[in-house]
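Numbering (my numbering), first residue to last: 3 to 288.
All residues carry an ideal CB built from backbone N, CA and C; glycine is no exception.
Since we're looking at a predicted model, the values are computed, not measured.
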């Protein structure tokens, strides 16, 4: 029984240590989440007006180059931009993105070219011999706009050359600190929309020409989309890790409560047995 008590005490010590670690990681993630959320909100606020204005031109104008409009060519090859983390311990954050990307690839008959952000996605798809044509291995929250631009530029060039016919973004969107959802969005080509009456595009004259303007705007639009998505995904990562560490801490504390109860019962049993042995020995001497 003494050995059993010692085993329980060792387990209590181990679980207590784990609880302190997970609680510390939760606090660190909460701090990083606040910082990342502030950057995301600022970036989203600034990019929202740019992307909205450009998308209105794309969706309502008849001057958009046909190469960038949906249905202009047969989809034979697709480039998937997949945003994961470079670290674990964040619940189902990485597995949810990977699962969604795999499902999209499996449901398509087209060839797949992959661009990965984060080592988790890159390692997973590399082990399964997917065709990875671009990667960013550092922590996603550390990415700059220039790095995001350098990452997506080759994909846009592949689209312009006809090597890929569609560009799909797979990432985690931030809804709240408690909820994040995986989204699959088509960045290229754009879905053609009938122009609205009195649309703003009707009041614009393009110089030197509409084609030149759109050929300049479209890469900028995609670059802004990918940068905003990476920042948003990094925010979701910290939120998912904070939640995972909070759940781990709660589970550890629950386990500690059960171990304390088991320890007290084992200790009481040991004391009772010792009393019985003492009484039995005393009676034997009499």
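- Assigned with DSSP and collapsed to three states, residue 79 falls in strand.
- The continuous alpha helix (DSSP H) containing residue 123 extends over residues 121-129.
- With contacts defined as CB atoms closer than 8 Å, residue 233 and residue 154 fail to qualify as a contacting pair.
- Of the candidates 82, 17, 76, 16, 82 places its Cα closest to the Cα of residue 115.
- Residue 166 sits in coil when the DSSP states are folded into three classes, being neither helix nor strand.
- Under DSSP, residue 176 takes part in a beta bridge, and its partners are 182.
- Per the coordinates, the alpha-carbon of residue 42 lies some 28 Å from the alpha-carbon of residue 217.
- For residue 132, the closest of 240, 274, 123, 177 by C-alpha to C-alpha distance is 123.
- Counting only the Cα atoms, residue 143 lies some 10 Å from residue 120.
- Looking at the backbone, the Cα of residue 192 and that of residue 134 are separated by about 24 Å.
- Secondary structure of residue 114 (DSSP, three-state): strand.
- The shortest CA-to-CA distance from residue 20 to any of 273, 258, 281, 86 is the one to 258.
- Listed in chain order, the non-local C-beta contacts of residue 151 below 7 Å within the same chain comprise 225, local neighbours out to five positions each way being set aside.
- Going by beta carbons, residue 182 and residue 141 fall outside the 8 Å limit.
- When rounded, the separation of the alpha-carbon atoms in residue 256 and residue 245 is 16 Å.
- In the three-state reduction of the DSSP assignment, residue 132 falls in the coil class, being assigned neither a helical nor a strand state.
- In this structure, residue 162 keeps its C-beta atom at 8 Å or more from the C-beta atom of residue 77.
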